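S.K.: Quick note: the sequence shown uses the numbering used here, first residue 1, plus one each step.
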Amino acid sequence: MQITKVHEFAKAIIMEAGERIRSSFSEKWKIETKADANDLVTNIDRETELFFIEKITAFDPSHKILGEEGMGEKIDSLDGVVWIIDPIDGTMNFIRQHRNFAISIGVYINGVGKLGYIYDVMRDQLYFAEEGQGAFMNEIPLKPLEAISLDKAIIGLNATWVTPNKKIEHLPMIELVRTVRGTRSYGSAALEIVSVACGRMDAYISMRLSPWDVAGGVVIANEVGAIASNLKNEPINLLKQDTFIVANPTIHSEIINHYIQLKYDNK
Ligand code: 2AM
Ligand code: CA
């Protein structure tokens, strides 16, 4: 398989999907809830995923597709070529803010991230990386990350984890918030991961992300030297939901070792 051909194809369908999403603002969307009242999905999420599946299947029917909306296949292994797709990451932002959402795609071959894409649809910014070839934003290379100390760091964190909750001890998290220079919460895991890759933030922590939230982003993050893992410092497993951190390498272990106390075994 020629990776350059896959890249040209991926880029073309992502740009086309972005255009379709922007055009959809003139329509009335159908909004539904999924697992809980705050877990939203629209017909545009579903139609965009279906668009990708149809295009990829026509491009090469041997490629497997794992998509958030479940319109691809049930996948229990990463053997072969696997596209991991979130058609809209940050659906709540899409619905309420009409910005701050992204298309997120990772192309994995036998479990290794080869191509990563995050398309910030409303800013028309395509973040892209190919394994070993560096990362880019609209063809402009992203710089390798520079060392930073925790007291000068900006971290992406949802405020929930700084209040009493079932998943993580909140007192060390309060300490973390006091230690760092600032916190941010954008509501799109994909855009938070590329913020770390661009050095606009120095870490992003989440208690529950799915493979499609992170698959594209970790390929991009790896290329600039960021470290991605779960909050037990284990490698990312793209076959299950898990905790997540992506961080500048100078603060990745320090955050996990000093501030993260999980309350349960996140299987
Ligand atoms: P989504 O918009 O594609 O659902 C919001 O903090 C971030 O977490 C978004 O990237 C969102 O992705 C993701 N997210 C929201 N709810 C989630 C859930 N129940 N499981 C996994 N990821 C979720
Ligand atoms: Ca989504």
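Just so you know, even glycine gets a beta-carbon here, dropped at the ideal spot from N, CA and C. Keep in mind that this is a model prediction, so the values were computed, not measured.
Could you name the residues that DSSP lists as bridge partners for Ser-104?
M.R.: By 1-based counting over the sequence shown, the position of residue 104 is 104. According to DSSP, which records beta bridges pairwise, Ser-104 is partnered with Asp-86 and Ile-118.
S.K.: Beta carbon of Asn-110, beta carbon of Leu-191: below 9 Å?
M.R.: If you number the sequence shown from 1, residue 110 lands on position 110. If you number the sequence shown from 1, residue 191 lands on position 191. Their beta carbons are not under 9 Å apart, which means Asn-110 does not touch Leu-191 by this criterion.
S.K.: Between the segment 114-121 and the segment 209-223, are three or more C-beta pairs nearer than 8 Å?
M.R.: yes
S.K.: Could you pull out every residue in the same chain whose Cβ sits closer than 7 Å to the Cβ of Asp-202, ignoring the five residues on either side in sequence?
M.R.: Here residue 202 corresponds to residue number 202 of the sequence shown, with the count starting at 1. Contacts found: Ile-148, Ala-153, Ile-154, Ile-155, Val-196, Ala-247, Asn-248 and Ile-251.
S.K.: Indicate whether Ile-268 and Asp-89 have their beta-carbon atoms separated by less than 9 Å.
M.R.: As shown, the chain starts at 1 and ends at 267. That puts residue 268 outside it, with no answer to give.
S.K.: From Asn-140 to Pro-164, what does the alpha carbon distance come to, in whole angstroms?
M.R.: Here residue 140 refers to the residue found at position 140 when the sequence shown is read from its first residue. Here residue 164 refers to the residue found at position 164 when the sequence shown is read from its first residue. First, the amino acid is wrong: residue 140 is Ile here, not Asn. Roughly 42 Å separates the two Cα atoms.
S.K.: In or out: Asp-45 buried (at least 16 other Cβ within 10 Å) or exposed?
M.R.: Counting from one through the sequence shown, the residue named residue 45 turns up at place 45. Burial call: buried.
S.K.: Compute the Euclidean distance between the alpha carbons of Pro-87 and Leu-262, then round it to the nearest angstrom.
M.R.: Reading the sequence shown from its first residue, position 87 is the one you call residue 87. Reading the sequence shown from its first residue, position 262 is the one you call residue 262. Roughly 30 Å separates the two Cα atoms.
S.K.: Does ligand 2 have even one heavy atom less than 8 Å from the beta-carbon of Asp-120?
M.R.: As a position in the sequence shown, residue 120 is number 120, starting the count at 1. Incorrect: Asp-120 has no Cβ contact closer than 8 Å to ligand 2.
S.K.: How should Pro-211 be labelled, buried or exposed, when 16 other C-beta atoms within 10 angstroms of its C-beta is the threshold for buried?
M.R.: The residue you call residue 211 lines up with position 211 of the sequence shown. The residue in question, Pro-211, is buried, as its Cβ has 16 or more Cβ neighbours within 10 Å.
S.K.: Hey, would you say the C-beta of Arg-208 is under 8 Å away from at least one heavy atom of ligand 1?
M.R.: Numbered from 1 along the sequence shown, position 208 holds the residue referred to as residue 208. The answer is yes for Arg-208.
S.K.: Would Lys-30 and Asn-43 qualify as a contact pair, given that the criterion is a beta-carbon distance under 9 Å?
M.R.: Locating residue 30 in the sequence shown gives position 30, where the first residue counts as 1. Locating residue 43 in the sequence shown gives position 43, where the first residue counts as 1. Yes. Within cutoff.
S.K.: Report yes or no: do the segment 170-177 and the segment 62-81 share at least 3 C-beta pairs separated by less than 8 Å?
M.R.: no
S.K.: As a quick exercise: from Phe-51, Phe-136 and Pro-61, pick the residue whose alpha carbon is nearest that of Ala-221.
M.R.: For the purposes of this step, residue 221 is identified with residue 221 of the sequence shown, where counting begins at 1. When only C-alpha atoms are compared, the closest one is Phe-136.
S.K.: Tell me the rounded alpha-carbon separation between Gly-106 and Ile-85.
M.R.: Here the question's residue 106 lines up with position 106 in the sequence shown. Here the question's residue 85 lines up with position 85 in the sequence shown. C-alpha separation (whole angstroms): 7 Å.
S.K.: Got a sec: does ligand 1 put a non-hydrogen atom nearer than 8 Å to the Cβ of Gly-90?
M.R.: Numbered from its first residue, the sequence shown carries residue 90 at position 90. Answer for Gly-90: yes, Cβ within range of ligand 1.
S.K.: Answer yes or no: do Ile-95 and Phe-51 have a C-beta to C-beta separation smaller than 9 Å?
M.R.: The sequence position of residue 95 within the sequence shown is 95, counting from 1. The sequence position of residue 51 within the sequence shown is 51, counting from 1. Cβ distance not < 9 Å, so Ile-95 and Phe-51 don't count as in contact.
S.K.: Is Trp-212 near ligand 1, in the sense that its beta carbon is under 8 Å from a heavy atom of that ligand?
M.R.: Mapped onto the sequence shown, residue 212 falls at position 212. Yes, Cβ of Trp-212 sits closer than 8 Å to a heavy atom of ligand 1.
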